[in-house]
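By UniProt numbering, the letter at position 16 of the sequence shown is numbered 16, and the numbering carries on one by one without gaps.
Taking it in order: structure first as structure tokens, then the write-up.
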Amino acid sequence: GYFAFPPSTPGTSRPYPTFIPQSPNSKETFDHKSAPEKGDETRSEEPPHDEERIKRLHKERELIETSEIEWVRGGGVLRDAQGRRDKARTERIRAELKLQEEEKAKMSRWRAYDERWKALAASDKALAFADIPWPLLTAPSSRDTNAFTLAAISEFLYESLSVRANTVTKKSRIRSSLLRWHPDKSSLVVGRVVAEDVDAVREGIHAVFHCLKRLQDDER
1 GYFAFPPSTP GTSRPYPTFI PQSPNSKETF DHKSAPEKGD ETRSEEPPHD
51 EERIKRLHKE RELIETSEIE WVRGGGVLRD AQGRRDKART ERIRAELKLQ
101 EEEKAKMSRW RAYDERWKAL AASDKALAFA DIPWPLLTAP SSRDTNAFTL
151 AAISEFLYES LSVRANTVTK KSRIRSSLLR WHPDKSSLVV GRVVAEDVDA
201 VREGIHAVFH CLKRLQDDER
């Protein structure tokens, strides 16, 4: 047997699909058919102010969109109204899935950085150079402050701002970072650093703060 979904609107970006069952070892495909325009359908069958019906149609569309995405995520291919492989639409969904994964990774890196700072502030244990949550995509090697460049720091600070759901501005990110890395405030951190790493940590903090000031000047 198979699952059939209601017909979709021709010319729209989200046509209603129908699953085409295949053998477990075959390459999966996803089929969708066309239907009258939503506006015409509403006028001919139901009153224009039938809110419940409109909500139901929206819900059906959301379910079909989710089904299409999961189909492609699992390696399936969409088909057009004539049953032909819809390569363009399939590739658009694949590109969207890839972008979502990239955005997820960016936000995950920023959250991990923020959580490390919270954990550091909540603890009183001794710190080594490697224990400091440096604002870099790649953690620097032991006591190496050469990695603290303007390009490297700005790349880390700004990458999560490119996520589509982001609402934080560059100015806001720089401002909060300056407060975190200000030498006077970070002196409490330096006071917990083991003796052999104190100079490197202090040098790293000043390098980060200097880069942040330059970024702030660029935004003015």
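Glycine included, every Cβ here is placed at the ideal spot set by N, Cα and C.
Please read all numbers here as calculations on a predicted model, not as lab measurements.
Note to self: Using C-beta distances below 8 Å, list every residue in its chain close to Asn-166, excluding the 5 sequence neighbours before and after it, in chain order.
What the structure shows: Ser-160
Note to self: With three or more beta-carbon pairs closer than 8 Å as the criterion, would you say the region 207-217 touches the region 175-185?
What the structure shows: yes
Note to self: Using the three-state DSSP reduction, which class does Leu-150 fall into: helix, strand or coil?
What the structure shows: helix
Margin query: In the DSSP output, what is Leu-127 paired with across the bridge?
Written below: Val-193
Check: Can you tell which of Lys-118, Ser-172, Arg-94 has its C-alpha closest to the C-alpha of Glu-70?
Finding: Arg-94
Next item on the list: Can you tell me which of the three DSSP states Asp-168 falls into?
Entry: It should be noted that the sequence gives Val, not Asp, for residue 168. It is coil, neither helix nor strand.
Item checked: 8 Å CB neighbourhood of Arg-192 in its chain, flanking five on each side removed -> Asp-124, Lys-125, Ala-126, Leu-127
Checklist line | Candidates Asp-217, Gly-74, Lys-59, Thr-66: closest to Leu-150 by CA position | finding: Asp-217
Margin query: Taking the beta carbon of Arg-79 as the centre, do at least 16 other beta carbons fall within 10 Å, making it buried, or is it exposed?
Written below: buried
Checklist line | Contiguous beta strand (DSSP E) assignments of at least 3 residues, all confined to the region 46-81 | finding: 77-79
Notebook entry, point to check: Cα separation between Leu-148 and Ser-142?
Noted result: Note on identity: in this sequence residue 148 is Phe, with Leu being the wrong assignment. The straight-line gap from Cα to Cα measures roughly 13 Å.
Notebook entry, point to check: Leaving out the 5 sequence neighbours to the left and right, which residues in its chain are closer than 8 Å to Lys-185 when beta-carbon positions are compared?
Noted result: Leu-179
Next item on the list: Could you tell me if Lys-171 is buried or exposed, where buried requires 16 or more neighbouring beta carbons within 10 angstroms of its beta carbon?
Entry: exposed
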